[in-house]
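Enquirer: Mind looking over this structure? Questions follow.
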């Protein structure tokens, strides 16, 4: 098992789902982990308690990533509680919620990702790693159409990935690497639930096309594995069911 003793990680959007699973794995490997939530403090505190009960270190911080104050709060928490910031997992995403404005998907999936990265990079030492979590439906959106209900989210996440990749040279100059993890639809996530509500049968259809879909636990483990994977900066790790997307782009 990877030894992350003495390291510190921020995992955005980690009060539930994929982010929570990533945080649990990193904490089990010895990292101090900042658990990020936007509104649901009890849920985040439950993740922290589970990590602490298992012998790990974690703290929950409420922060809206679409604000500069949100990014600063997470970074300050990592430095104050664990003494460093070595790992940044950009997992938070959204855009299918209602009542947050028509531009919310772009503000969260592009602008907030870039702002979080740029703020964190100022505090991360050489040898640090950033992991951006996306979906095949977003990563390949310029070549492969997706479900109508998901397209605004997919395009905003692709815009976020492009914007983050543009910063790779500046990150390399600091000795920081960036890796992208792209996954198929994940069973049990809020996005999958909302999509199936808007387009009944959508997830079953995707499951049939892909052969199978990863669970939240399985995908979280794959994301966590890329924190220390021996891959070059800019690498994209395809997790589950990417063959049909890759064929469509070849």
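In the numbering used here, the protein residues as written are 3 to 252.
The C-beta atom is built at its ideal place from N, Cα and C for all residues, glycine as well.
Which same chain residues end up closer than 6 Å to residue 11 when comparing Cβ atoms and leaving out the 5 residues on each side of it in sequence?
Expert: Here residue 11 refers to the residue found at position 9 of the chain shown. 28, 33, 35 and 89.
Enquirer: So, do the region 206–216 and the region 239–247 have three or more beta carbon pairs nearer to each other than 8 Å?
Expert: Contact between the region 206–216 and the region 239–247 is present, because at least three Cβ pairs lie under 8 Å.
Enquirer: Roughly how far, in whole angstroms, is the beta-carbon of residue 134 from the beta-carbon of residue 92, given that I think they are within contact range, below 8 Å?
Expert: For this step, residue 134 is matched to residue 132 along the chain shown. For this step, residue 92 is matched to residue 90 along the chain shown. At roughly 5 Å, the Cβ-Cβ gap stays under 8 Å, so residue 134 and residue 92 are in contact.
Enquirer: DSSP three-state label for residue 84, please.
Expert: By 1-based counting over the chain shown, the position of residue 84 is 82. Helix.
Enquirer: Is it right to say residue 15 is buried, meaning 16 or more other beta carbons lie within 10 angstroms of its own, or is it exposed?
Expert: The sequence position of residue 15 within the chain shown is 13, counting from 1. It counts as buried.
Enquirer: Leaving out five residues on either side along the sequence, give the residues of the same chain with a beta carbon under 7 Å from the beta carbon of residue 201.
Expert: Working through the chain shown from its first residue, we reach residue 201 at position 199. 149 and 151.
Enquirer: Taking 8 Å as the cut-off, decide whether the C-beta atoms of residue 131 and residue 143 are in contact.
Expert: By one-based count along the chain shown, residue 131 stands at place 129. By one-based count along the chain shown, residue 143 stands at place 141. In this structure, residue 143 does not lie closer than 8 Å to residue 131 by Cβ.
Enquirer: Apart from the five residues on each side of it in sequence, which residues of its chain come closer than 8 Å, Cβ to Cβ, to residue 54?
Expert: In the chain shown, the residue the question calls residue 54 occupies position 52. 60, listed in sequence order.
Enquirer: One question on the structure: do residue 73 and residue 121 come within less than 8 Å of each other, judged by their Cβ atoms?
Expert: For the purposes of this step, residue 73 is taken as the residue at position 71 of the chain shown. For the purposes of this step, residue 121 is taken as the residue at position 119 of the chain shown. Taking 8 Å as the Cβ cut-off, residue 73 and residue 121 qualify as a contacting pair.
Enquirer: So, helix, strand or coil for residue 239, using DSSP?
Expert: What you label residue 239 is simply residue 237 of the chain shown in a count that begins at 1. Three-state result, residue 239: strand.
Enquirer: Contact defined as beta carbons within less than 8 Å: I believe residue 19 pairs with residue 192. What is the distance between those atoms, to the nearest angstrom?
Expert: For the purposes of this step, residue 19 is taken as the residue at position 17 of the chain shown. For the purposes of this step, residue 192 is taken as the residue at position 190 of the chain shown. Rounded, the Cβ-Cβ distance is 7 Å, consistent with contact.
Enquirer: With a threshold of 6 Å on Cβ separation, who are the neighbours of residue 141 within its own chain once the five nearest residues in sequence on each side are excluded?
Expert: The residue given as residue 141 occupies position 139 in the chain shown. Here the set comprises 184.
Enquirer: Under the rule that 16 or more other beta-carbon atoms within 10 Å means buried, what is residue 233, buried or exposed?
Expert: By one-based count along the chain shown, residue 233 stands at place 231. Its Cβ having fewer than 16 others within 10 Å, residue 233 is exposed.
Enquirer: Within the continuous alpha helix (DSSP H) that includes residue 97, where are the two ends?
Expert: Numbered from 1 along the chain shown, position 95 holds the residue referred to as residue 97. Here residue 97 belongs to no alpha helix (DSSP H), and DSSP marks it neither H nor E.
Enquirer: Could you check what DSSP says for residue 134 in three-state terms: helix, strand or coil?
Expert: Taking the chain shown and counting its residues from 1, the one referred to as residue 134 is at position 132. Three-state DSSP puts residue 134 in a strand.
Enquirer: How many angstroms separate the CA atom of residue 50 from the CA atom of residue 43?
Expert: Position 48 of the chain shown, counting from 1, holds the residue named residue 50. Position 41 of the chain shown, counting from 1, holds the residue named residue 43. C-alpha separation (whole angstroms): 10 Å.
Enquirer: For residue 7, I'd like the list of residues in its chain whose CB is within less than 6 Å of its CB, leaving aside the five on either flank, ordered along the chain.
Expert: Within the chain shown, numbered from 1, the residue matching residue 7 stands at position 5. The answer, listed in chain order, is 32.
Enquirer: Under the three-state reduction of DSSP, which class applies to residue 168: helix, strand or coil?
Expert: Taking the first residue of the chain shown as 1, we reach residue 168 at position 166. It is coil, neither helix nor strand.
Enquirer: Locate the beta strand (DSSP E) running through residue 1, then write down its first and last residues.
Expert: Residue 1 is absent from the structure shown; the chain starts at 3 and stops at 252.
Enquirer: Hey, quick one: how far does the beta strand (DSSP E) through residue 185 stretch, first residue to last?
Expert: Numbered from its first residue, the chain shown carries residue 185 at position 183. Residue 185 -> beta strand (DSSP E) spans 179–185.
Enquirer: Measure the C-alpha to C-alpha separation of residue 4 and residue 218 and round it to an integer number of angstroms.
Expert: Within the chain shown, residue 4 is the residue found at index 2, counting from 1. Within the chain shown, residue 218 is the residue found at index 216, counting from 1. Going by the C-alpha atoms only, they are around 20 Å apart.
Enquirer: Of the residues 194, 169, 230 and 222, which one's Cα is nearest the Cα of residue 209?
Expert: Counting from 1 along the chain shown, the entry for residue 209 is found at position 207. Comparing Cα-Cα distances from residue 209 to each of 194, 169, 230 and 222, the minimum goes to 194.
Enquirer: Would you mind reading off the limits of the alpha helix (DSSP H) that contains residue 117?
Expert: The count along the chain shown starts at 1 and reaches residue 117 at position 115. Unbroken alpha helix (DSSP H) run through residue 117: 115–123.
Enquirer: Classify residue 39 as helix, strand or coil using the three-state DSSP reduction.
Expert: Position 37 of the chain shown, counted from the start, is the residue given in the question as residue 39. Strand, per DSSP.
Enquirer: Can you tell me where the alpha helix (DSSP H) holding residue 200 begins and where it ends?
Expert: Taking the first residue of the chain shown as position 1, residue 200 is located at position 198. Unbroken alpha helix (DSSP H) run through residue 200: 192–200.
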